[in-house]
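A.B. asks:
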Amino acid sequence: MTRRIDTHTPNSVAAEPATVAACQRDLGSPQDRANRADAAARQSEATSKAIAERSDVWGGRQ
Numbered sequence: 179m180t181r182r183i184d185t186h187t188p189n190s191v192a193a194e195p196a197t198v199a200a201c202q203r204d205l206g207s208p209q210d211r212a213n214r215a216d217a218a219a220r221q222s223e224a225t226s227k228a229i230a231e232r233s234d235v236w237g238g239r240q
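Just so you know, we're using our numbering here: the sequence shown kicks off at 179 and counts up by one.
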């Protein structure tokens, strides 16, 4: 069984065996996962704030 992982080039894909170590590398460390979760939460909050500001300008939700 192989798994396909994205590389830095969007259209380039590399295949390597689906080992436990390879999958753990894909997930990253617990700190990496926490950092990604924090970044996603900040992005979500910023999007919600932008939508709220826009709806105030246009007089309600669109």
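The beta carbon of each residue, even a glycine, is placed where N, CA and C say it ideally should be.
1) Please list, in chain order, all residues of the same chain as Gly206 whose beta carbon is under 8 Å from its beta carbon, the five residues on each side excluded.
2) How many angstroms separate the CA atom of Glu231 from the CA atom of Pro195?
3) Hey, how far is the Cα of Thr197 from the Cα of Asp204?
C.D. replies: By the coordinates alone:
1) Arg214
2) 48 Å
3) 11 Å
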